[in-house]
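One structure below.
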Amino acid sequence: MALRFDFHAHIGPFDEDRRAEELIAMLDAHQLDRSVAFPSRGLHASPSMYSRANDYVADAMQRFPERISGFCSVNPWHRDEALAEFERGVRQLGLRGLKLHPPTQGFDVFNLDLMGPIMQLGGELNVPVAIHGGIREHDNPLRFGLLSEAYPDVKLVMLHSNFGGTDRVAIRWAAEHTRNLYFETSASSEPAFIEALAGWASPQRILYGSDWPWLPPRLMVAIVEYSGLHEEARQDILGRNAGRLMGVAS
Ligand SMILES: [Zn+2]
856 MALRFDFHAH IGPFDEDRRA EELIAMLDAH QLDRSVAFPS RGLHASPSMY SRANDYVADA
916 MQRFPERISG FCSVNPWHRD EALAEFERGV RQLGLRGLKL HPPTQGFDVF NLDLMGPIMQ
976 LGGELNVPVA IHGGIREHDN PLRFGLLSEA YPDVKLVMLH SNFGGTDRVA IRWAAEHTRN
1036 LYFETSASSE PAFIEALAGW ASPQRILYGS DWPWLPPRLM VAIVEYSGLH EEARQDILGR
1096 NAGRLMGVAS
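Okay, structure coming up:
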């Protein structure tokens, strides 16, 4: 059985958060081997709340090393504090990437004044930078394409893939003009979009993700399974690509 790897789930230490044990139960219920875990809230939060959330995810990864690849989160507007926390998250806590959320953190993906130092550090730490990629101007696929062109050696992941390719022209341009930009599938509702994206980006740059607990994993897996892509491509998207990206054997 090929590796099944969910690239988008949330856990955290705050009252409204889901805990690591609940994530493991979800993975078991869906026959998923492994998940990326992002801190879920604290997105509007103070630097100390980010640290607490990142500590929680790192602890969860240590408790479930076979199941969880944890990412840290910071707010780019915290500037030097954000860079220090990103570095602490990877070097000291052992976290495996960075997650950012432009709508709640209020920044533009192609604001190089903020994003340049973060991308540079992502390159130095050699971990993926995953950013919510929605349908607003500030998180449109054009911004991701431009950012990826500016930092071609950094692995950049567009979460949600523009909510399933809402702006087809922009996402096609981003796919065709980059080689290190990855596309995560959560919140896509059209299987045919996954097939089109595979044609523009290659299936190897597409990562299945659910955005659990906000979206149901079974539905998000089905979008890939009904895409019309051949078996090998579907297995790549449902886990093997994430395994390669995260250094986990399939
Ligand atoms: Zn999410």
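Following the working numbering, the numbering of the sequence shown begins with 856 at its first residue and continues without gaps. Where is the CB? At the ideal position from N, CA and C, for every residue including glycine.
Query raised in the report: According to DSSP, which residues form a beta bridge with residue 894?
Result: As a working mapping, residue 894 is identified with position 39 in the sequence shown. BP columns for residue 894 point to 866.
Query raised in the report: For residue 1052 versus residue 1005, is the C-beta spacing smaller than 8 Å?
Result: For this step, residue 1052 is matched to residue 197 along the sequence shown. For this step, residue 1005 is matched to residue 150 along the sequence shown. No.
Requested in this report: Kindly provide the ranges of any alpha helix (DSSP H) runs that are 4 or more residues long and lie completely inside the stretch 879-963, ordered along the chain.
Outcome: Within the stretch 879-963, complete alpha helix (DSSP H) segments of at least 4 residues are found at 902-918, 934-942 and 957-960, given in chain order.
Query raised in the report: Under three-state DSSP, which class holds residue 993?
Result: In the sequence shown, residue 993 corresponds to position 138, counting from 1. Residue 993 falls in the helix class under three-state DSSP.
Report task. Compare the Cα-Cα distances from residue 993 to each of 977, 981, 1013 and 975 and report the closest residue. Result -> Here residue 993 refers to the residue found at position 138 of the sequence shown. Among 977, 981, 1013 and 975, the Cα nearest to that of residue 993 is on 1013.
Query raised in the report: Is the beta carbon of residue 893 within less than 7 Å of some heavy atom of ligand 1?
Result: Taking the first residue of the sequence shown as 1, we reach residue 893 at position 38. Yes - ligand 1 has a heavy atom lying nearer than 7 Å to the Cβ of residue 893.
Query raised in the report: Would you report the Cα separation of residue 1078 and residue 956, rounded to the nearest angstrom?
Result: Residue 1078 sits at position 223 when you count from the first residue of the sequence shown. Residue 956 sits at position 101 when you count from the first residue of the sequence shown. Near 24 Å, if we compare the C-alpha coordinates of residue 956 and residue 1078.
**Report entry** Own chain partners of residue 882 with C-beta closer than 8 Å, once the 5 adjacent residues on each side are dropped
**Finding:** Locating residue 882 in the sequence shown gives position 27, where the first residue counts as 1. Here the set comprises 861, 888, 889, 890 and 922.
Requested in this report: Determine contact between the stretch 1056-1068 and the stretch 963-978, defined as no fewer than three beta-carbon pairs at a distance below 8 Å.
Outcome: No: fewer than three Cβ pairs fall under 8 Å.
Query raised in the report: Expressed to the nearest angstrom, what Euclidean distance is found between the alpha-carbon atoms of residue 965 and residue 998?
Result: As a working mapping, residue 965 is identified with position 110 in the sequence shown. As a working mapping, residue 998 is identified with position 143 in the sequence shown. Their backbone Cα atoms lie some 5 Å apart in a straight line.
Query - Own chain partners of residue 865 with C-beta closer than 6 Å, once the 5 adjacent residues on each side are dropped - result: The count along the sequence shown starts at 1 and reaches residue 865 at position 10. Leaving aside the five residues that flank residue 865 on each side, the residues in its chain whose CB is nearer than 6 Å to its CB run, in chain order, 893 and 895.
Query raised in the report: Taking Cβ to Cβ, would you say residue 1102 is nearer than 8 Å to residue 1063?
Result: In the sequence shown, the residue the question calls residue 1102 occupies position 247. In the sequence shown, the residue the question calls residue 1063 occupies position 208. Not closer than 8 Å, so no.
Query - CA-to-CA distance, residue 1016 to residue 1024, given in whole angstroms - result: Here residue 1024 refers to the residue found at position 169 of the sequence shown. Here residue 1016 refers to the residue found at position 161 of the sequence shown. For the pair residue 1024 and residue 1016, the Cα-to-Cα distance works out to about 13 Å.
Query raised in the report: Just how far apart, CA to CA, sit residue 932 and residue 960?
Result: The count along the sequence shown starts at 1 and reaches residue 932 at position 77. The count along the sequence shown starts at 1 and reaches residue 960 at position 105. C-alpha separation (whole angstroms): 8 Å.
Query raised in the report: Going by other Cβ atoms of all chains shown within 10 Å of its Cβ, with 16 needed for buried, is residue 1060 buried or exposed?
Result: Numbered from 1 along the sequence shown, position 205 holds the residue referred to as residue 1060. For residue 1060, the number of other beta carbons within 10 angstroms of its own is at least 16, and it is reported as buried.
Query - 8 Å contact criterion, which residue 953 and residue 984 should meet: CB distance rounded - result: Counted from its first residue, the sequence shown places residue 953 at position 98. Counted from its first residue, the sequence shown places residue 984 at position 129. With a beta-carbon spacing of about 5 Å, residue 953 and residue 984 fall inside the 8 Å limit used to define contacts.
Report task. Counting only the same chain and skipping the five closest in sequence on each side, list residues whose C-beta sits under 8 Å from that of residue 1031. Result -> As a position in the sequence shown, residue 1031 is number 176, starting the count at 1. For residue 1031, where only same-chain residues beyond five positions count, the Cβ hits under 8 Å are 1055 and 1056.
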